[in-house]
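For reference, the structure discussed in these notes is given below.
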Amino acid sequence: MTAHLTLLADILVRATPLILTGLAVAVAFRGGVLNIGADGQLLVGATAAAWVGIVLTPTVGVIALPLALLLGAVAGGLWAFVAAYLRTRFHVLEVISTIMLNFVAVYVVSYLVRGPLQEPTHIYPQTDTIPSAAQLSRLLTSTRLHWGFILAIVLAVGIWWIIRYTAAGFRLRATGANPYAAASAGRIAIRQVTTKAFIASGMLAGLAGAIEVCGVTFALYENLSPGYGYTGIAVALLADLNPLGVIVSGILFGALESGASALQRDANVPATMATVLEATLILLVMAGAYIRARRKNSSALITPSLSITG
Amino acid sequence: MTDDQGDGSLAKGTPVEHGALSGPDASLQLPEREMALRLDAIDKRFGATVALHGAALAVRRGTVHALLGENGAGKTTLMHVAFGMSRPDAGTVIVNGTLHQFRSPSDAITAGLGMVHQHFMLVPAMTVAENVALGGRGRLSLHDVTQRIDTVSQQYGLPIDARATIETLPVGAQQRVEILKALVRNASILILDEPTAVLTAQESRELLQQLRGFVVQGGTVVWITHKLRDALEFADEVTVLRRGETVLHANAADVNEVTLANAMLGTTWTPSSQSAALGVQVKQTVKTSVGQGEERLPTLALHGVAHHDTSPADRLTDISLTVRPGEILGIAAVEGNGQHALLRILAGRLTPTAGTVHIPPHVGFVPEDRHRDALILDYTLAENVELADLGTRRGYIPWIRSRAQATRIVEEYDVRAPGPYAAVRTLSGGNQQKFVVGRELQVGNRALVLENPTRGLDIQATADIQDHIRTARNAGAAVVVYSSDLDEILALADRVVVLYAGRLLTPAPDRDAIGRAMLGLSEQP
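These protein sequences, in sequence, are chains A and B.
To convert, count from 1 in the first sequence and add 87; that's our numbering.
To convert, count from 1 in the second sequence and add 159; that's our numbering.
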């Protein structure tokens, strides 16, 4: 029983950053922003949270945890804003800029954990462990499951509600679905909505990083993210960009990934099979969407973003 | 219709000859060796609309031939037939003495034709040479292409830097690239659709002189234009289309602006068959204004409005106008005279560079391209109701209310839709437009701006939309309507102004005067 509970908890622990990066991608794609830089935004968020945890906790005390999560989100938002600014000001495609910023984030982390933020013994390329005041408490004491999972679920439901029932959310998806009609019939300031979509997306990814540091790793190190930001794209697409669906697909991918190593150990199936399965799922989903769109109206296929704005 | 126009103009010019083409095989070799392009008895229908009815065009080799006609007279359609972009329902296309049945533009290119479209088809980020090479076959050698461009551009006096990037070039140079694209593929007959519409006066002059250089060396140019003066000055021959029929073919030297305008407009104007069939009352002269409207304050007012834009087609100079409640103001203009910008300024969608604009906070706007600018096709009717003025909304959206609103529009405007939660895509074009008009009247019930509101609709849908516009007017809305079909403006408007080259003209309220003003032949400023 406890063994099963531990396994289930591991799945949910793994699902937490995937749900959050999935939400980040869903929000961006819904708004017509192809943010594929969630991984970089996640790393920057993790860095900010680790910095708060290590440097500020002695001064700020009990608010260290909320501050770490908040600054993590803000850092991720700022990282995405760079791409937003490049797009609105210089017409730089965000597909290019966000992926480039991923590499920048990777090397910034690499520098920090070997330099200014390295642990005191200077042996390992990672930061010191953050104090418990900055750590997310456990949801179930015997497992690794932390409150970050609940936060991710609450955010998913909240974002679903915002997109469905508020003017701001409708502006976001109207802009993504047809920016011309949004501007003309809706009199929507497209640039503003786009920029906000970038920032919101970056904040969610940044929060994913902060939660990972405060809830799981308790330290910043180089390979903190095994590509959560990229898997987030798959999670969002599998969910058809629906925030509630992201919860389900996030847990599914969490299960696949947390089961992968067990699969290799116990059944001698390579762990990479999980990745193969993930990619196959995405291809099937995309093919399904394509066929449905073709049946509905062939002219719809002219919109290049159809497969992702569904 | 051919009989309507003055006999004088036909007597002066060369009469239109319908060659004795009994069957395709009988006419493979034409006796007229000097003919570069000959179109005979071309019919083309789009659904219920007759675009061309027995249209004819005969272009002599080594001439500039101007093809004139009002909006919708069928000029572009006829040239699309010649260039293989559109297959005629009847009629023959003869290029350099050989009968052709083009299946696609590439067939036409092989036969020696080249067409420059109104909207350039260039990749802005690529160089001139790369753009010219696009669409070629086989191995690509940019070096060879560049050399070929240099040779051709020298031969015809069309200066261009083959290594320049398109987006760095002025519009006039981009147009030269379009022409070179055709010439490099050995086109001997160039078709240009409104080539001067996007050019400044200086650039237009240069272009026309360069075309003369091409013609002197044995090339042939068919030039679609609205500009009578340019046609008379630069063309050797002119052909005038009116409502899909060829009504005049003459040497440019034998005609003047008046004969051309008469041919284009028709001297004795009769109500269009469409309106007559519906029993819609068409006014011969336009009413000045609705009596009671005079006393009320204007709903829409522009004072000294000017707009500067990189494209001359969107420039406006010193526009002042007012629209009162319960009045339909018709704006008549030939494409590209500033109406696009003016309508958007009136609708609050565009801020002019100078002048004052007084409009209500919400103005209903029905744009020409409803699929692109008015609707999200994959969204439901209810969602598309909420789309209107979404930019100014805050907080929670009560979808129950949107559903009720959508249902009301569906009922009031007789929209045939499965229900408020149906995707707009599932509606027919006419029903989509009725829905847009209904929605925009709800948003801006005091003012409504419409751009080609019945374009692409069938007769019944057209009549319905026009009825809704009149009903809105009668309910006290200030309405502005632009249509590229002058008859529609005349049928709807209480008052008509003309936009020509970005300036507002107020011609006498009758069809001929308005038609002349649209062509820049106004007697008063």
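Think of the CB as a built atom: it goes at the ideal place given N, C-alpha and C, for glycine as much as any other residue.
In chain order, what residues of the same chain have a beta carbon less than 6 Å from the beta carbon of residue 579 of chain B, not counting five sequence neighbours either side? Residue numbering aside, residue 579 of chain B sits at position 420 when the second sequence is read from its first letter. These residues qualify, in order along the chain: 540, 541, 562, 565, 566.
Could you spell out where the beta strand (DSSP E) holding residue 175 of chain A opens and where it closes? Position 88 of the first sequence, counting from 1, holds the residue named residue 175 of chain A. Run containing residue 175 of chain A: none in the beta strand (DSSP E); it sits in the alpha helix (DSSP H), 151-177.
DSSP has residue 122 of chain A in a bridge; who is on the other side? Position 35 of the first sequence, counted from the start, is the residue given in the question as residue 122 of chain A. Answer is none; residue 122 of chain A lacks a bridge partner.
Taking C-beta pairs closer than 8 Å, name the residues in chain A that residue 551 of chain B reaches, listed in chain order. Numbered from 1 along the second sequence, position 392 holds the residue referred to as residue 551 of chain B. 274, listed in chain order.
Within 8 Å of any Cβ in chain A, is that where the Cβ of residue 614 of chain B sits? Taking the second sequence and counting its residues from 1, the one referred to as residue 614 of chain B is at position 455. With 8 Å as the cut-off, residue 614 of chain B does not count as an interface residue toward chain A.
How should residue 365 of chain A be labelled, buried or exposed, when 16 other C-beta atoms within 10 angstroms of its C-beta is the threshold for buried? Sequence index remark: in the first sequence, residue 365 of chain A carries index 278 (1-based). Result: buried.
Could you tell me whether any Cβ in chain B is nearer than 8 Å to the Cβ of residue 257 of chain A? By one-based count along the first sequence, residue 257 of chain A stands at place 170. By this cut-off, residue 257 of chain A is an interface position.
Residues that residue 216 of chain A bridges to, as DSSP identifies them: Your numbering for residue 216 of chain A matches position 129 in the first sequence. None, per the DSSP bridge assignment.
So, for residue 201 of chain A: in the same chain, excluding its five sequence neighbours on each side, which residues have a beta-carbon less than 7 Å away from its beta-carbon? As a first step, residue 201 of chain A is located in the first sequence; it is residue number 114 there, counting from the start. Counting only Cβ-Cβ distances below 7 Å, and skipping sequence neighbours, we find 212.
Hey, how far is the Cα of residue 453 of chain B from the Cα of residue 590 of chain B? On the second sequence, residue 453 of chain B is found 294 positions in, with the first residue counted as 1. On the second sequence, residue 590 of chain B is found 431 positions in, with the first residue counted as 1. At residue 453 of chain B the pLDDT is 48, less than 50, meaning the model places this residue with poor confidence; the figure from the coordinates comes in the next sentence. The straight-line gap from Cα to Cα measures roughly 34 Å.
Since residue 252 of chain A meets chain B, which of its residues come closer than 8 Å, beta carbon to beta carbon? Here residue 252 of chain A is taken as the residue at index 165 of the first sequence, counted from 1. Ordered by position in chain B, the residues that pass the 8 Å Cβ test against residue 252 of chain A are 555, 556, 558.
Please specify which runs of the beta strand (DSSP E), each continuous and at least 3 residues long, are wholly inside the stretch 265-309 of chain B, giving them in chain order. 272-275, all fully within the stretch 265-309 of chain B.
Closest by C-alpha distance to residue 637 of chain B, when choosing among B:503, B:481, B:645: Looking up residue 637 of chain B in the second sequence gives position 478. The shortest C-alpha separation from residue 637 of chain B is found at B:481.
Within the 8 Å Cβ cut-off, does residue 267 of chain A reach chain B? As a position in the first sequence, residue 267 of chain A is number 180, starting the count at 1. Yes, its Cβ sits closer than 8 Å to a Cβ of chain B.
Need the endpoints of the beta strand (DSSP E) that residue 379 of chain B sits in, please. Taking the second sequence and counting its residues from 1, the one referred to as residue 379 of chain B is at position 220. Run containing residue 379 of chain B: 379-384, per the beta strand (DSSP E) assignment.
Three or more beta-carbon pairs under 8 Å between the stretch 105-115 of chain A and the stretch 331-344 of chain A, yes or no? By the Cβ criterion, the stretch 105-115 of chain A is in contact with the stretch 331-344 of chain A, since at least three pairs of Cβ atoms, one from each stretch, lie closer than 8 Å.
Please confirm if residue 442 of chain B has its CB atom under 8 Å from at least one CB of chain A. Reading the second sequence from its first residue, position 283 is the one you call residue 442 of chain B. In this predicted model, residue 442 of chain B has a pLDDT of only 40, less than 50, meaning its place in the structure is not dependable; the value taken from the coordinates is given anyway. Chain A, which has no Cβ nearer than 8 Å to the Cβ of residue 442 of chain B, makes this no.
Ignore the nearest five residues each way along the sequence and tell me which others in residue 378 of chain A's own chain have a CB closer than 7 Å to its CB. One-based indexing of the first sequence puts residue 378 of chain A at position 291. There are no such residues.
How about the stretch 257-268 of chain A and the stretch 546-553 of chain B: do they share at least three Cβ pairs that are nearer than 8 Å? yes
Is the CB of residue 631 of chain B under 8 Å away from at least one CB in chain A? For the purposes of this step, residue 631 of chain B is identified with residue 472 of the second sequence, where counting begins at 1. No, residue 631 of chain B does not count as interfacial toward chain A.
I'd like to know if residue 354 of chain A contacts chain B, where contact means its C-beta is closer than 8 Å to some C-beta of that chain. In the first sequence, residue 354 of chain A corresponds to position 267, counting from 1. For residue 354 of chain A, no CB of chain B lies under 8 Å from its own CB, so it is not counted at the interface with that chain.
Between the C-alpha atoms of residue 391 of chain B and residue 319 of chain B, what's the straight-line distance to the nearest angstrom? As a position in the second sequence, residue 391 of chain B is number 232, starting the count at 1. As a position in the second sequence, residue 319 of chain B is number 160, starting the count at 1. Rounded to the nearest whole angstrom, the CA to CA distance from residue 391 of chain B to residue 319 of chain B is 28 Å.
Below 8 Å on the Cβ atoms is my contact criterion, and I expect residue 647 of chain B with residue 613 of chain B to pass it. Report the Cβ-Cβ distance as a whole number of Å. Translated into positions along the second sequence, residue 647 of chain B becomes position 488. Translated into positions along the second sequence, residue 613 of chain B becomes position 454. Sure, about 7 Å apart at Cβ, within 8 Å.
Is there a Cβ from chain A that is less than 8 Å from the Cβ of residue 546 of chain B? Here residue 546 of chain B refers to the residue found at position 387 when the second sequence is read from its first residue. At a cut-off of 8 Å between C-beta atoms, residue 546 of chain B counts as an interface residue with respect to chain A.
DSSP three-state call for residue 360 of chain A: helix, strand or coil? Indexing the first sequence from 1 puts residue 360 of chain A at position 273. Helix.
Name the one or two DSSP bridge partners that residue 480 of chain B has. Position 321 of the second sequence holds residue 480 of chain B. DSSP output for residue 480 of chain B lists B:461 as bridge partner(s).
I want to see whether chain A comes within less than 8 Å of residue 468 of chain B, judged by CB atoms only; does it? Your numbering for residue 468 of chain B matches position 309 in the second sequence. No - not a single Cβ of chain A is within 8 Å of the one on residue 468 of chain B.
Identify the residues that DSSP records as bridge partners of residue 228 of chain B: which are they? As a first step, residue 228 of chain B must be located in the second sequence, where it is residue number 69. Paired residue(s): B:400.
Buried or exposed, going by whether 16 or more other CB atoms sit within 10 Å of the CB of residue 611 of chain B? For this step, residue 611 of chain B is matched to residue 452 along the second sequence. Looking at its Cβ environment, which holds 16 or more other Cβ atoms inside 10 Å, residue 611 of chain B is buried.
Determine the contact status of residue 227 of chain B and residue 397 of chain B, defining contact as a CB-CB distance below 8 Å. Here residue 227 of chain B is taken as the residue at index 68 of the second sequence, counted from 1. Here residue 397 of chain B is taken as the residue at index 238 of the second sequence, counted from 1. With contacts defined by Cβ atoms closer than 8 Å, residue 227 of chain B and residue 397 of chain B form a contacting pair.
Step through the CB atoms of chain A and report whether any lies within less than 8 Å of the CB of residue 533 of chain B. Reading the second sequence from its first residue, position 374 is the one you call residue 533 of chain B. Cβ-Cβ to chain A under 8 Å: yes for residue 533 of chain B.
Work out the CA separation of residue 324 of chain A and residue 374 of chain A for me, nearest whole Å. Working through the first sequence from its first residue, we reach residue 374 of chain A at position 287. Working through the first sequence from its first residue, we reach residue 324 of chain A at position 237. Rounded to whole angstroms, the gap between the alpha carbons of residue 374 of chain A and residue 324 of chain A is 12 Å.
In chain order, what residues of the same chain have a beta carbon less than 6 Å from the beta carbon of residue 428 of chain B, not counting five sequence neighbours either side? In the second sequence, residue 428 of chain B corresponds to position 269, counting from 1. Per-residue confidence for residue 428 of chain B stands at a pLDDT of 38, beneath the threshold of 50, marking its modelled position as unreliable; the derived number appears in the next sentence. If we look at residue 428 of chain B and ignore the five residues flanking it on each side, its Cβ neighbours are 670.
Please report the distance separating the alpha-carbon of residue 528 of chain B from that of residue 259 of chain B. Taking the second sequence and counting its residues from 1, the one referred to as residue 528 of chain B is at position 369. Taking the second sequence and counting its residues from 1, the one referred to as residue 259 of chain B is at position 100. Rounded to the nearest angstrom, the two C-alpha atoms are 34 Å apart.
Could you check the C-alpha separation between residue 593 of chain B and residue 634 of chain B for me, to the nearest Å? For the purposes of this step, residue 593 of chain B is taken as residue 434 along the second sequence, with counting starting at 1. For the purposes of this step, residue 634 of chain B is taken as residue 475 along the second sequence, with counting starting at 1. Rounded to the nearest angstrom, the two C-alpha atoms are 17 Å apart.
Given the structure, does residue 131 of chain A come close to the ligand NAD, in the sense that its CB is under 7 Å from one of the ligand's heavy atoms? Of the ligands one can find in the structure shown there are none, so the ligand NAD has no counterpart to examine.
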